[in-house]
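Novice: In the working numbering, the protein residues as written are 661 to 943. Even for Gly, the Cβ is constructed at its ideal location relative to N, Cα and C.
This is the structure:
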């Protein structure tokens, strides 16, 4: 049975990295849940906003299937841009939606983990003071509602570029949120912490840029695969990403990519046929 991962949190999990800034990641053994069906992964994985882009999930998933060559992985996108920790309480819509989607995915896959990134919206006005208790409740409810008390949850910390410019200027208490998040994870034997060191921002000052999201996904994978925190930058992040980018494209992946370009009006039908088959139309 295919394995699956639930994606929850706010915009930096949903992804706001500019898609054109990094090489694409598409893999025939990585799926995403759309309209109740598993479809081949393509970015943006989330559609919480029209501006959704690159998040950490694609590089996480590509690294996972690289390490598990005989298996498939499904992504369950449920993150919501701008959401606060209160909006992830057990009786709130975002949590209810995530549980519904995850349970639906459990009908055709084995749920093996959760990727969490949230906290920017709580990094002001003393929100950190109650964050640990609320985050603990989120983790506990996810596991209880999904019937998996030992379900691994990987939590990504907030980047140091917050609290300075643009939309991120108000998030001045990100260090306090990171401290509370680390405390929660330290007390939870099935949660692991991923650092956000050296990650850089879009010009808006709040969203992690595409190149950094790729690195972040590798760190999430490392924490998930090794069952341990990732407290610093991984020395081989660039090498790992190059391996993912340089993997030969399968025929199915090529078909998916060309079909998308044709549908978006980026190539003619004649060019589509030529690139797909290597033969000119009418021959």
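Is it true that the stretch 672 to 681 meets the stretch 712 to 724, where meeting means three or more beta-carbon pairs spaced less than 8 Å apart?
Specialist: With a cut-off of 8 Å, the stretch 712 to 724 and the stretch 672 to 681 count as touching, because enough Cβ pairs lie within range.
Novice: Cβ of residue 645 within 8 Å of Cβ of residue 741?
Specialist: This structure leaves residue 645 out entirely; the chain is present only between 661 and 943.
Novice: If we ignore side chains and look at the alpha-carbon of each, how far apart do residue 796 and residue 872 end up?
Specialist: Taking the first residue of the chain shown as position 1, residue 796 is located at position 136. Taking the first residue of the chain shown as position 1, residue 872 is located at position 212. Rounded to whole angstroms, residue 796 to residue 872 spans 27 Å at the Cα level.
Novice: Any idea which residues DSSP pairs residue 735 with across the strands?
Specialist: As a first step, residue 735 must be located in the chain shown, where it is residue number 75. Looking at the DSSP assignment, residue 735 forms a beta bridge with 665 and 692.
Novice: Going by other Cβ atoms of all chains shown within 10 Å of its Cβ, with 16 needed for buried, is residue 817 buried or exposed?
Specialist: As a working mapping, residue 817 is identified with position 157 in the chain shown. Classification for residue 817: buried.
Novice: Please name the residue, chosen from 736, 694, 704 and 711, that lies closest to residue 663 on a Cα-to-Cα basis.
Specialist: Reading the chain shown from its first residue, position 3 is the one you call residue 663. When each option's Cα is compared against that of residue 663, the closest is 736.
Novice: In this structure, what does DSSP give as the bridge partners for residue 699?
Specialist: As a working mapping, residue 699 is identified with position 39 in the chain shown. Bridge partners of residue 699: 692.
Novice: Among 858, 839 and 866, whose alpha-carbon lies nearest the alpha-carbon of residue 829?
Specialist: In the chain shown, counting from the first residue as 1, residue 829 sits at position 169. For residue 829, the nearest C-alpha among the options comes from 866.
Novice: Taking DSSP's pairing of strands, which residues face residue 775 in a bridge?
Specialist: Indexing the chain shown from 1 puts residue 775 at position 115. Paired residue(s): 667 and 814.
Novice: Span of the alpha helix (DSSP H) holding residue 918?
Specialist: In the chain shown, the residue the question calls residue 918 occupies position 258. Element bounds for residue 918: 911 to 923.
Novice: Could you say which of 863, 935 and 888 lies nearest to residue 677 if we only look at CA atoms?
Specialist: Position 17 of the chain shown holds residue 677. With distances taken between Cα atoms, residue 677 lies closest to 863.
Novice: Measuring only between beta-carbons, confirm whether residue 815 sits less than 8 Å from chain C.
Specialist: Absent here is chain C; the protein component of the structure consists of one chain.
Novice: Quick one: using the 10 Å Cβ neighbour count with 16 as the cut-off for buried, is residue 753 buried or exposed?
Specialist: Along the chain shown, one-based indexing puts residue 753 at 93. Exposed.
Novice: Check the DSSP bridge columns for residue 890 and list the partner residues they point to.
Specialist: Against the chain shown, residue 890 aligns to sequence position 230. Residue 890 pairs with 854.
Novice: Measuring alpha carbon to alpha carbon, tell me which of 791, 849, 700 and 761 ends up nearest residue 689.
Specialist: Counting from one through the chain shown, the residue named residue 689 turns up at place 29. Among 791, 849, 700 and 761, the Cα nearest to that of residue 689 is on 700.
Novice: Helix, strand or coil, according to DSSP, for residue 872 in the structure here?
Specialist: Taking the chain shown and counting its residues from 1, the one referred to as residue 872 is at position 212. Residue 872 falls in the helix class under three-state DSSP.
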